[in-house]
Structures are given as structure tokens and as C-alpha cells.
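Residue numbers (this note's numbering): 11 to 419. One structure is given below, encoded as C-alpha cells.
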Amino acid sequence: MPESARGKRLVLLLDGTWNSSADNTSVWRLSQLVAPRDGAGVEQLCYYTAGVGTPRGEAIRGGIFGHGLDRDVIGAYRWLMGHYDQGDQIFLFGFSRGAFTARSVAGMIARCGLLRPGSPLSVEELYERYRLDAKAASFVELHQTKDLPPQEKRLLRHSRRVPIKMIGVWDTVGALGVPFGNIRGISRRRFGFHNTQLSAIFEHAYHALALDEHRAAFAPTLWTRFIPARPDPPGKRRVRQTIVEQRWFAGAHANVGGGIAGDDMPQLSLAWLMAKAGALGLAYRGAVVPTGYEITAPIHDSFHRFLRGLYRLLKRGRRFQRPIAAPATQVDKGHWLTANETIDASVFDRWRKVPAYRPADLVRWAAALGIDPGTLHGAVDARTGAVITPPAPPKARSRRRQTTAKRAN
Numbered sequence: 011m012p013e014s015a016r017g018k019r020l021v022l023l024l025d026g027t028w029n030s031s032a033d034n035t036s037v038w039r040l041s042q043l044v045a046p047r048d049g050a051g052v053e054q055l056c057y058y059t060a061g062v063g064t065p066r067g068e069a070i071r072g073g074i075f076g077h078g079l080d081r082d083v084i085g086a087y088r089w090l091m092g093h094y095d096q097g098d099q100i101f102l103f104g105f106s107r108g109a110f111t112a113r114s115v116a117g118m119i120a121r122c123g124l125l126r127p128g129s130p131l132s133v134e135e136l137y138e139r140y141r142l143d144a145k146a147a148s149f150v151e152l153h154q155t156k157d158l159p160p161q162e163k164r165l166l167r168h169s170r171r172v173p174i175k176m177i178g179v180w181d182t183v184g185a186l187g188v189p190f191g192n193i194r195g196i197s198r199r200r201f202g203f204h205n206t207q208l209s210a211i212f213e214h215a216y217h218a219l220a221l222d223e224h225r226a227a228f229a230p231t232l233w234t235r236f237i238p239a240r241p242d243p244p245g246k247r248r249v250r251q252t253i254v255e256q257r258w259f260a261g262a263h264a265n266v267g268g269g270i271a272g273d274d275m276p277q278l279s280l281a282w283l284m285a286k287a288g289a290l291g292l293a294y295r296g297a298v299v300p301t302g303y304e305i306t307a308p309i310h311d312s313f314h315r316f317l318r319g320l321y322r323l324l325k326r327g328r329r330f331q332r333p334i335a336a337p338a339t340q341v342d343k344g345h346w347l348t349a350n351e352t353i354d355a356s357v358f359d360r361w362r363k364v365p366a367y368r369p370a371d372l373v374r375w376a377a378a379l380g381i382d383p384g385t386l387h388g389a390v391d392a393r394t395g396a397v398i399t400p401p402a403p404p405k406a407r408s409r410r411r412q413t414t415a416k417r418a419n
């Protein structure tokens with residue numbers, strides 16, 4: 011089969027605030043691990059961008075006020091527009107505000123489609139439609155609507171619906187995370203998600219979450235699903251559901267997404283996301299294999315150290331506890347619920363091996379379900395506590411080692 015018929019893989023990797031290649035985050039490492047081609051010769055192209063606040067002079071404007079986010083979304087979208095051909099597969103990865111950027115790019119494609127090369131519409135025009143009109147119909151809905159206004163008909167002519175094979179993100183935070191509250195003109199509301207819904211064009215979505223991040227300014231933005239109070243009537247066409255999993259890992263924000271020198275903990279979530287993408291065809295030129303040291307590695311105290319201790323003083327030492335399997339949000343005709351939260355097996359391994367590891371959010375979760383975390387082995391469903399992935403069996407001892415042991419005895 012010719013390569014053009016197989017398509018290629020387009021991999022976008024968007025780093026977090028103040029992060030660049032020098033920080034060796036999981037996003038940067040993944041950009042280096044993606045192979046140029048897979049075993050069958052299918053091309054894999056990568057687009058990597060450093061996080062907001064990384065260029066000289068941008069640290070305050072980008073890191074604190076979110077300057078540069080619009081530019082990053084538009085830049086990633088424009089790269090896709092210039093490289094996408096029919097049949098290509100799109101993989102989006104991001105960490106922290108880079109995860110926000112990745113999800114914004116995906117949301118822009120869901121709402122506006124992907125512009126055709128040479129279109130008279132500009133990427134900036136589409137971005138304004140996406141960012142400012144939260145009630146705008148999605149691109150799929152436009153195709154199903156009659157009597158569209160001229161500007162929407164123009165969009166349909168010059169844009170196209172494309173699927174996204176996978177979104178893989180580490181600890182998504184909203185665009186800002188301003189520690190001083192809302193600031194007029196640069197409020198976090200300007201950059202807040204228009205919604206956290208999953209789109210029908212997303213085939214797979216995976217989210218690694220930090221269990222031990224206590225900065226309220228870095229509260230995670232989970233994907234949610236709407237659960238109607240009444241089931242759909244028989245015969246109604248059902249929209250294909252995204253395969254989604256949002257998994258909790260021990261550690262603070264950077265312990266999960268990377269960027270701390272000498273830290274082994276990011277290995278766990280990186281290996282998990284790489285396995286998910288690998289199962290969908292993404293090929294690598296190296297592997298990430300956790301060694302077990304990650305389980306007892308020290309957790310970074312981001313709450314204490316953020317802004318050189320100023321944040322802790324502003325919050326009067328009150329740590330934010332991230333809710334695991336948060337209650338549903340009731341609305342008219344149903345409720346919103348976070349989508350498929352799970353807890354990684356390594357969290358319970360740490361509970362057993364580190365007696366001091368008793369995070370309040372995990373203790374509260376276990377008490378609500380009447381579960382002893384020390385008895386759990388394998389990944390579990392966060393809503394029910396049921397084991398979904400049993401622990402890997404212990405490695406068999408080699409015959410040579412057994413013979414040596416017998417001789418020693």
C-alpha cells in the first residue's frame with residue numbers, strides 16, 4: 011500500500027508554563043521518543059512548543075498572566091492546517107497549561123473544523139469564533155443544520171471535519187491559575203475553557219492527574235460528561251462516545267508532568283500515556299520502564315515553594331485538596347459528571363511502602379467508600395473502588411538464579 015493511502019501521524023506536543031526542552035518534562039521527552047517512522051514505514055511528524063512564559067521577558071506576562079496562549083493555540087492549529095492530509099492521524103499531548111492549549115486546539119477543531127490549505131478564511135478569524143462564541147454550533151452540528159447564515163456556510167465551504175486519534179495530557183490547569191484572584195483585563199475567565207465536554211471527533215482521551223498538588227490556583231480541569239435525567243427515546247441516533255480515562259498518580263504537579271531535576275516519579279504517568287498511544291499505533295525509538303524507585307521518591311512541596319513562599323503566605327497555609335470522584339453537578343434535565351476517573355496502582359503501593367503517605371483527599375475518598383487503601387492492588391475505578399487492572403504478576407526467577415540459590419544453601 012502506498013504511503014499516501016496509509017496516511018501519516020501528526021504529533022503535537024505542547025509544554026507547560028515556564029517549561030522548555032531544558033527542563034526535560036515528559037512532553038519534551040516524548041517529543042524525543044517518537045520515532046520518525048513506524049515499523050511499516052509510516053511517517054510520524056512532531057511539533058513541539060515550549061510553554062508560555064519561556065521566552066526572555068515573558069516569564070511574568072506568560073507565567074502569571076497567561077500571555078502567549080492565544081499565539082500557541084493558533085500556531086499549533088496553523089501547523090496542523092499545513093501538514094494534514096486526508097487519512098492522517100492526529101495525536102495531541104500537553105502538560106499543565108500546555109494541556110490547556112492542546113485541549114483548546116482540539117476544541118477549536120471540534121467547533122470550527124480544520125481549514126483547508128489556501129482558504130480565504132484566516133486562522134485568526136476561526137479562533138475568534140471559537141474563543142468568543144461559546145454557544146456557537148460545533149462543526150458536526152453545522153452539517154446537520156439548514157438555513158445557515160452566510161458566514162457559517164462560508165465556514166463549511168473552506169473547512170473540513172477531521173478526527174483526533176488521541177489527546178493525552180498531564181494535569182490540565184486552566185489558562186491562568188492566578189494566585190491573586192481575578193485581575194481586570196487579564197482575568198482567568200478570559201482564558202477559561204468554554205466547556206469541558208468531550209467531542210464526538212475525539213476517538214481517545216487520556217488524562218494523568220496529580221493527587222498531591224495543593225495549590226488552588228492549579229486546580230485541575232477534568233473532562234466531564236452530561237448524564238440526562240431521562241434516557242434517549244428508542245431509535246434516536248446515538249453519538250459515538252470518546253474512550254476516556256483520567257488517572258490519578260501520586261505526586262505534585264511537576265512530579266506527574268516532569269521538570270524537576272533528578273525526579274523519577276514522572277516515569278509512571280509517562281509510561282502510562284505512552285502505552286495508550288502505542289496501542290493506537292504511535293511508534294517510539296525507545297521505552298520508558300519504571301524501576302520501582304518511583305514509588306518511594308520524595309514528593310515536591312509545590313504549595314510551600316511556589317512564588318518563593320509568597321503563595322503559601324497569601325493562602326495562610328491552607329492547602330487545597332483535590333477531590334477524587336467529585337459529586338455530580340446538577341443542571342436542568344440531568345447532571346454533569348467527571349468522566350471515568352481511575353487511581354493508579356502505584357498510589358496504593360506508596361501507601362503501603364511509605365507509612366507517612368496519607369493524603370487527605372485519598373483518606374476522604376477511601377472513607378466514603380469504606381475501603382482500606384492498603385488492601386488495594388492494581389488500578390481501581392475511582393467511583394466504585396473496584397479493581398480494573400490487576401497488578402502485574404511477580405517476575406519469575408531465572409533457572410540460573412534458582413541454581414545459584416540452591417548452591418548457596
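Beta carbons are placed, not taken as given, at the ideal position from N, Cα and C, and that holds for glycine. Nothing here was measured: the structure is a model prediction, and the numbers come from that model.
So what does DSSP say about residue i, is it helix, strand or coil?
| i | result |
| --- | --- |
| P130 | coil |
| P383 | helix |
| Q207 | strand |
| H224 | coil |
| R332 | coil |
| R368 | coil |
| A338 | coil |
| W233 | coil |
| L290 | coil |
| G187 | Here G187 scores only 39 on pLDDT, less than 50, and its place in the model should not be relied on; the value that follows carries that caveat. G187 falls in the coil class under three-state DSSP. |
| R81 | helix |
| D274 | coil |
| I171 | It is worth fixing the name first, because residue 171 is Arg in this sequence and not Ile. Three-state result, R171: coil. |
| T252 | coil |
| T111 | helix |
| T301 | coil |
| D242 | coil |
| T182 | coil |
| G49 | coil |
Using only CA atoms, which one of the options lies nearest to residue i?
| i | options | result |
| --- | --- | --- |
| A60 | Q331, P46, A50 and G26 | G26 |
| L22 | P300, L280, G49 and V83 | V83 |
| F105 | K363, D274, Q277 and G268 | G268 |
| R360 | M275, T111 and I253 | M275 |
| A227 | T348, F330 and D371 | F330 |
| L20 | D98, R47, S312 and T35 | D98 |
| R88 | V390, V115 and A50 | V115 |
| A112 | G178, A264 and G51 | G178 |
| W233 | K343, L347 and R167 | L347 |
| L379 | G395, Q96 and G78 | G395 |
| Y58 | Y216, N34, H345 and L386 | N34 |
| L90 | L55, Q277 and G78 | L55 |
Pull up the CB-CB distance for residue i and residue j, whole angstroms please, since I reckon it's below 8 Å.
| i | j | result |
| --- | --- | --- |
| R170 | L124 | 6 Å |
| A229 | V183 | 7 Å |
| L131 | R164 | 7 Å |
| A376 | P369 | Their Cβ separation, rounded to whole angstroms, is 10 Å, which puts A376 and P369 out of contact at 8 Å. |
| S279 | S36 | 7 Å |
| G117 | Y140 | 7 Å |
| R250 | A293 | Incorrect: roughly 26 Å between the Cβ atoms, too far for contact. |
| E213 | I253 | 7 Å |
| L24 | G108 | 4 Å |
| F101 | K175 | 6 Å |
Does the beta carbon of residue i sit closer than 9 Å to a beta carbon anywhere in chain B?
| i | result |
| --- | --- |
| R225 | Included in the structure is just one protein chain, with no chain B present. |
From the DSSP output, which residues share a beta bridge with residue i?
| i | result |
| --- | --- |
| W19 | The residue asked about is misnamed: residue 19 is Arg in this sequence, not Trp. DSSP output for R19 lists Q54 and Q99 as bridge partner(s). |
| I177 | L102 and A215 |
| W346 | F236 and T339 |
| R257 | A218 and T352 |
| V390 | I353 and V397 |
| G268 | T35 |
| V44 | Y294 |
| L24 | T59 and G104 |
| L125 | S169 |
Report whether the distance from the Cβ of residue i to the nearest heavy atom of the ligand NAD is below 8 Å.
| i | result |
| --- | --- |
| P244 | You won't find the ligand NAD in this model; it holds no ligand whatsoever. |
Are the region 216 to 230 and the region 253 to 273 touching by the rule of at least three beta carbon pairs closer than 8 Å? Three or more pairs of CB atoms, one per stretch, sit closer than 8 Å, so the region 216 to 230 contacts the region 253 to 273.
Touch test, the region 279 to 292 against the region 35 to 43, Cβ-Cβ under 8 Å, three pairs minimum: yes
So, do the region 325 to 344 and the region 293 to 312 have three or more beta carbon pairs nearer to each other than 8 Å? no
If we count Cβ pairs, one from each stretch, closer than 8 Å, do we get three or more for the region 232 to 242 versus the region 352 to 366? Taking 8 Å as the limit for Cβ pairs, the verdict is that the region 352 to 366 does not touch the region 232 to 242.
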